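K.L.:
Could you have a look at this structure, given as structure tokens, before my questions?
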Amino acid sequence: MTPSASAPKGALLDVEGLSILIKDKRGDVRAVDDVSFSVAAGETLAIVGESGAGKSLTALALMRLLPKTLGVEAKRITLAGQDLTSPSELDIRKVRGSVMAMIFQDPLSALNPVLTVERQLVEAIRLHETISRTDARARALELLDMVRIPAASARLGEYPHRLSGGMRQRVMIAMALAGRPKLILADEPTTALDVTISGQILDLLKELQRDLGLGMLFITHDLHVVRSVAHRVAVMYSGRVVESGSVADVFERPRHPYTEGLIQARPHGSFVTDGHRLREIAGTVPVPAARPPGCAFEPRCVRAEADCRQVVPPLVREAGTPRSLACFHPLQQEQYA
Amino acid sequence: MLRRVLLSPAGFVGLLLLLMIVGMALSAGYFFPKGPWALVARPYMWPGQRPGLLFGTDSLGRDILAAIFYGSRVSLIVGLVATVCALAVGITVGSIAGYFGRGVDAVLMRITDAFQTIPGFLFAIVLVSILSPSVTNIVIAIAVVSWPPVARLTRAEVLRVRETEYVQSCKIIGMSTPRIILTQVLPNSLSPVIVVAAVLVATAIITEAGLSFLGLGDPNVMSWGTLINVGRPSIRSTWFICVLPGLFVVMTVLALNLLGDAINDALNPHFRKR
Amino acid sequence: MSPRLQIDEMVVEHRTKRGVVHAVAGVSLELAAGETLGLVGESGCGKSSLARAIVGLNTPKSGAIRIDGRATDPRRRGAQARDIQMVFQDPYGSLNPRMSVRELVEEPLSVHRLGNRAERVATAKALLERVGISAAMHDRLPHQLSGGQRQRVGIARAMALEPKIVICDEPVSALDVSVQAQVLNLLLDLQKEQELTFLFISHDLEVVRYVSHRIAVMYLGVIVEIGPAEGVWSLPLHPYTRALMQTAGDAERVAATGPMVTLSSELPNPLNPPSGCRFRTRCPLAIEVCARDVPALEDFGDGHRVACHRAGEWASTATPAHA
Numbered sequence: 001m002t003p004s005a006s007a008p009k010g011a012l013l014d015v016e017g018l019s020i021l022i023k024d025k026r027g028d029v030r031a032v033d034d035v036s037f038s039v040a041a042g043e044t045l046a047i048v049g050e051s052g053a054g055k056s057l058t059a060l061a062l063m064r065l066l067p068k069t070l071g072v073e074a075k076r077i078t079l080a081g082q083d084l085t086s087p088s089e090l091d092i093r094k095v096r097g098s099v100m101a102m103i104f105q106d107p108l109s110a111l112n113p114v115l116t117v118e119r120q121l122v123e124a125i126r127l128h129e130t131i132s133r134t135d136a137r138a139r140a141l142e143l144l145d146m147v148r149i150p151a152a153s154a155r156l157g158e159y160p161h162r163l164s165g166g167m168r169q170r171v172m173i174a175m176a177l178a179g180r181p182k183l184i185l186a187d188e189p190t191t192a193l194d195v196t197i198s199g200q201i202l203d204l205l206k207e208l209q210r211d212l213g214l215g216m217l218f219i220t221h222d223l224h225v226v227r228s229v230a231h232r233v234a235v236m237y238s239g240r241v242v243e244s245g246s247v248a249d250v251f252e253r254p255r256h257p258y259t260e261g262l263i264q265a266r267p268h269g270s271f272v273t274d275g276h277r278l279r280e281i282a283g284t285v286p287v288p289a290a291r292p293p294g295c296a297f298e299p300r301c302v303r304a305e306a307d308c309r310q311v312v313p314p315l316v317r318e319a320g321t322p323r324s325l326a327c328f329h330p331l332q333q334e335q336y337a
Numbered sequence: 001m002l003r004r005v006l007l008s009p010a011g012f013v014g015l016l017l018l019l020m021i022v023g024m025a026l027s028a029g030y031f032f033p034k035g036p037w038a039l040v041a042r043p044y045m046w047p048g049q050r051p052g053l054l055f056g057t058d059s060l061g062r063d064i065l066a067a068i069f070y071g072s073r074v075s076l077i078v079g080l081v082a083t084v085c086a087l088a089v090g091i092t093v094g095s096i097a098g099y100f101g102r103g104v105d106a107v108l109m110r111i112t113d114a115f116q117t118i119p120g121f122l123f124a125i126v127l128v129s130i131l132s133p134s135v136t137n138i139v140i141a142i143a144v145v146s147w148p149p150v151a152r153l154t155r156a157e158v159l160r161v162r163e164t165e166y167v168q169s170c171k172i173i174g175m176s177t178p179r180i181i182l183t184q185v186l187p188n189s190l191s192p193v194i195v196v197a198a199v200l201v202a203t204a205i206i207t208e209a210g211l212s213f214l215g216l217g218d219p220n221v222m223s224w225g226t227l228i229n230v231g232r233p234s235i236r237s238t239w240f241i242c243v244l245p246g247l248f249v250v251m252t253v254l255a256l257n258l259l260g261d262a263i264n265d266a267l268n269p270h271f272r273k274r
Numbered sequence: 001m002s003p004r005l006q007i008d009e010m011v012v013e014h015r016t017k018r019g020v021v022h023a024v025a026g027v028s029l030e031l032a033a034g035e036t037l038g039l040v041g042e043s044g045c046g047k048s049s050l051a052r053a054i055v056g057l058n059t060p061k062s063g064a065i066r067i068d069g070r071a072t073d074p075r076r077r078g079a080q081a082r083d084i085q086m087v088f089q090d091p092y093g094s095l096n097p098r099m100s101v102r103e104l105v106e107e108p109l110s111v112h113r114l115g116n117r118a119e120r121v122a123t124a125k126a127l128l129e130r131v132g133i134s135a136a137m138h139d140r141l142p143h144q145l146s147g148g149q150r151q152r153v154g155i156a157r158a159m160a161l162e163p164k165i166v167i168c169d170e171p172v173s174a175l176d177v178s179v180q181a182q183v184l185n186l187l188l189d190l191q192k193e194q195e196l197t198f199l200f201i202s203h204d205l206e207v208v209r210y211v212s213h214r215i216a217v218m219y220l221g222v223i224v225e226i227g228p229a230e231g232v233w234s235l236p237l238h239p240y241t242r243a244l245m246q247t248a249g250d251a252e253r254v255a256a257t258g259p260m261v262t263l264s265s266e267l268p269n270p271l272n273p274p275s276g277c278r279f280r281t282r283c284p285l286a287i288e289v290c291a292r293d294v295p296a297l298e299d300f301g302d303g304h305r306v307a308c309h310r311a312g313e314w315a316s317t318a319t320p321a322h323a
């Protein structure tokens, strides 16, 4: 499978100009501001960013699971050829689960604690297909096998709290697959898990995606995870996409100062033997209400100049490359040669 | 905090009503210098029957309005003192049980259970009957029946706060256990107790009125309950002797409950939006 | 010279409803002055129980803690408080929400009655300045600060008593990546200035490698591998260490130095740990002897010690892979 760097034509999910507004008497605040991206079938797009970047809100907005206090605006959202720009409740219920499904960070709070795994899986299956309970049970077993739960038939009778964190996340994935979706939205699915378990879950997601030809929108703060699962990456900062492109390209040759800072801020090597200090990014991520008028990263950016303070740099596709960038003074390619 | 209480409609109305009752208690001597026991006119006069006797007179010809003014003093004092006593006992027991856990917790909570198994009002009646009806004994009786819920609530909160990392960090810097309980655990445990305190004052006022109504009030002080007791024999004809003080009991209890709700909302802003 | 911190055969038990868990099942460690020992392992491996026992939050069932050769009494935490301090993981939960930033840093000084009030205020202010909290923020409450600022306050509080040893329990795991670097740099600067000894607990291998002189890997209450950071990093010998590195994105280096170790199952029930080697139920390389004998820590040179019956097979042939 070759990583496709550009957004392919006829994308599974196409989002253009998505904004999420926090409604406030003193004026709406844009928690997510004019974000565009697309995901093709069989492709994983990672949205990476720190807390307050708006990455989880973006996923919830696509599922229309945001609380009423937040407003969603979009120029265009299409999912598998269907227009979801301003969907009715019915439209959304039709696609939720059957065209796109979501995996949450904390499966314990996403699963019903008083129902057995079987009840929940059968319910999820019969929501999308008219089949008998016996057939649904067989399908439930098949799903548990698919997510590599050992002794699946014994697990069917368990309650979620009786399962380990890794098992719960597998059940969660099985639930997501129950409606045979084309797109999976995964919101930090391994963040709450231990390293060895999270590795297993990531491998499982990669396999499932390849075998079922799923599109995946993977939300994470962890650059390692991006490297291991994604084909393309969109880096978000304070509600906006600042850089996107193929994972290899962006990570090898970051051009936005924030992307570069993020990569540099991770330890690589040893302080004890090399004595090299980590490069800090001064300050913290601004809350959406206190976002500066120009580029949101400008107050923390060493490359900022006067124009960065006045105008929000637009996300522009670089000519002849699959890379998009929102920066007036990006790092030059040769600086990394 | 105070601002948030005042900004909510419940808090504003509650505080206004409560201030009115407090005003009555403070100004009783000014408006009715002769005291609540003075015989001012003939008995059983209806409200407004004679100018100057707005609420009429009781079975002995005493001014009901004066009795209500003076009665507010007794009700408030009994309510406050009983609540303070209940809080003192309840918070001490609850915080010791919660912080030290294990055996101490088990013993203290069984004692608390024992107190809670007897219905509060019946228990208060028994206590006052045994101790003789005086204001002090009524306060003691009410405090004895009201501390267990305070202890339970405090214990639950202390159990939560005890496990927080900031309490552990105080152990690590070498802070003594009493100091940890007093400066770290209690300040972070008492918000819900404050809310309960407002309701406890209201309950104490009702209990006092109930005891007086049954004739177990202090015969030497005029409380709202005393007045209700006086009016009881003639409730079918001159019902106002019971109803008027009863309205003030209801109003005070309502004010305290509204205030409790408002404080609760102010302390837990997250829940307010639900 | 005796080591700054010496932990001898520490055993920590937790009583649960279903039985007794040996969270720490006989751990011995030695830390020199100014040294950082990185402690790695999954949740439930006992690293936090060990840390809590060292600072006196747990009473160990047996074992000794010595500071500069002096034995400490685990029941008297006041006495050792000045020598051992801790930086917590959660910058939200580890500061009393009702106290100002300055009061929080002043508190340890007042507990130990160091100086008069004015001196304590001055010391607290100086400490806060040192960790990068400007004077304008000294009267703020914790919830008015960002996560990184809170963690700085937590560090200032830990430094107030001028400890010799600081237990850092996942000090950057809860922080954003761009803020992690700030806090790590601060900790390393403070270590250099005051010759601090760090026990640095983390599940993040790259962070541990970056800060540590030596690395110890813990599994189900025991140390399975310990050695110089670069040695463990470039030639991980215990299958569990190899599995950790493989999943953390260093599969190529693991492949170059011996067998790959892919873990399929999850942590066994700690109430009933496996016989022999505790890791054998998850270890694809386990053989008969692993179920029978408990492997002892064996030295493979340069203080690199590993508790595995089979480590010798690949230790001799493999060459360290430097990343």
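Residue numbers (full-length UniProt numbering), protein chains in the order written: chain W, 1 to 337; chain A, 1 to 274; chain S, 1 to 323.
Glycine included, every Cβ here is placed at the ideal spot set by N, Cα and C.
Since the model is a prediction, treat every value here as computed from it, not as a measurement.
#1: How would you label A:W224, buried or exposed, when you count the other beta carbons within 10 angstroms and need 16 or more for buried?
#2: Near A:I194, which residues of its chain fall below 7 Å by C-beta distance, leaving aside the five closest residues on each side in sequence?
#3: Can you give the beta carbon distance from W:I201 to W:L214, rounded, assuming they're within the 8 Å contact cut?
#4: How far does the alpha helix (DSSP H) with S:R140 in it reach, from first residue to last?
#5: For S:V211, tell me which candidate among S:A135, S:V217 and S:L199 has the shortest Cα-Cα distance.
#6: Quick one: is A:P192 near chain S, going by C-beta distance under 9 Å?
#7: To the nearest angstrom, how far is it from the Cα of A:L15 to the Cα of W:E16?
#8: Count the other CB atoms within 10 Å of the CB of W:H231; is the residue buried (16 or more) or exposed (fewer)?
#9: Can a CB atom of chain S be found closer than 9 Å to the CB of W:R162?
#10: Quick one: residues in its chain with C-beta nearer than 8 Å to the C-beta of S:M218, no 5 flanking neighbours on either side, listed in chain order?
#11: Quick check on W:M1 - is its C-beta less than 9 Å from some C-beta in chain S?
#12: According to DSSP, W:S324 sits in a beta bridge with which residue or residues?
#13: Taking CB distances under 9 Å as the criterion, tell me whether A:P133 reaches chain S.
#14: Interface residues of chain S around A:P187 at Cβ under 7 Å?
#15: Would DSSP call S:P228 helix, strand or coil?
#16: Measuring only the C-alpha atoms, how far is S:P239 from S:V261?
#17: From the DSSP output, read off the bridge partner residues of W:Y237.
#18: Going straight from the alpha carbon of W:G283 to that of W:V316, what length do you get?
#19: For a contact meaning CB atoms closer than 7 Å, what does S:D90 contact in chain A?
#20: Against chain W, with Cβ distances strictly below 9 Å, would S:D176 count as a contact?
#21: Between which residues of its own chain and W:L212 is the CB-CB distance below 8 Å, once the five residues before and five after are set aside?
#22: Could you tell me whether the Cβ of S:E107 comes closer than 9 Å to any Cβ of chain A?
#23: How long is the line joining the alpha carbons of S:V140 and W:G49, rounded to whole angstroms?
#24: Which runs of the beta strand (DSSP E) at least 3 residues long sit entirely within the region 18-65 of chain S? Give them in chain order.
#25: Is any heavy atom in the ligand GTP found nearer than 8 Å to the beta carbon of W:L204?
#26: What does the alpha-carbon distance come out to for the pair A:A67 and A:A143?
#27: I'd like the span of the alpha helix (DSSP H) that includes W:Q169, first residue to last.
#28: Please work out which residues of its chain come closer than 8 Å, Cβ to Cβ, to S:R102, disregarding the five sequence neighbours upstream and downstream, and give them in chain order.
#29: With 8 Å as the C-beta to C-beta threshold (strictly closer), list the residues of the region 178-210 of chain W near chain S in chain order.
#30: Measure the C-alpha to C-alpha separation of A:S129 and S:T59 and round it to an integer number of angstroms.
#31: Decide if S:V183 is buried, meaning its Cβ has at least 16 other Cβ atoms within 10 Å, or exposed.
#32: Does any C-beta atom of chain S lie closer than 9 Å to the C-beta of A:S95?
#33: For A:L31, count the other beta carbons within 10 Å of its own beta carbon; 16 or more makes it buried, fewer makes it exposed. Which is it?
#34: With contact counted as at least three CB pairs below 8 Å, one residue from each stretch, are the region 104-124 of chain W and the region 151-168 of chain W in contact?
#35: Which same chain residues, not among the five before or five after A:G61, have their C-beta less than 6 Å away from its C-beta?
#36: Alpha carbon to alpha carbon, how far is W:G261 from W:S246?
P.N.:
On the basis of the supplied data:
#1: buried
#2: I263
#3: In fact, because the Cβ distance is near 15 Å, the residues do not count as touching under 8 Å.
#4: Premise fails: S:R140 is in no alpha helix (DSSP H) and is neither H nor E.
#5: S:L199
#6: no
#7: 53 Å
#8: buried
#9: no
#10: V27, L39, V40, G41, C45, G46, K47, L50 and V224
#11: Unreliable positioning characterises W:M1 in this predicted model, as indicated by a pLDDT of 36, which lies under 50. A coordinate reading is not provided.
#12: W:S244 and W:R317
#13: no
#14: R98
#15: strand
#16: 6 Å
#17: W:R240
#18: 27 Å
#19: E165
#20: yes
#21: L177
#22: yes
#23: Checking the sequence shown, residue 140 of chain S turns out to be Arg, not Val. Roughly 28 Å separates the two Cα atoms.
#24: 19-31 and 36-40
#25: Of ligands this structure carries none, so the ligand GTP is not represented either.
#26: 25 Å
#27: G165 to L177
#28: V121, A124, K125, L128, H138 and D139
#29: D194, V195, T196, I197, S198, G199 and Q200
#30: 52 Å
#31: buried
#32: no
#33: A small correction: the amino acid at residue 31 of chain A is Phe; Leu does not occupy that position in the sequence shown. Label assigned to A:F31: exposed.
#34: yes
#35: L39, A41, R42 and P43
#36: 18 Å
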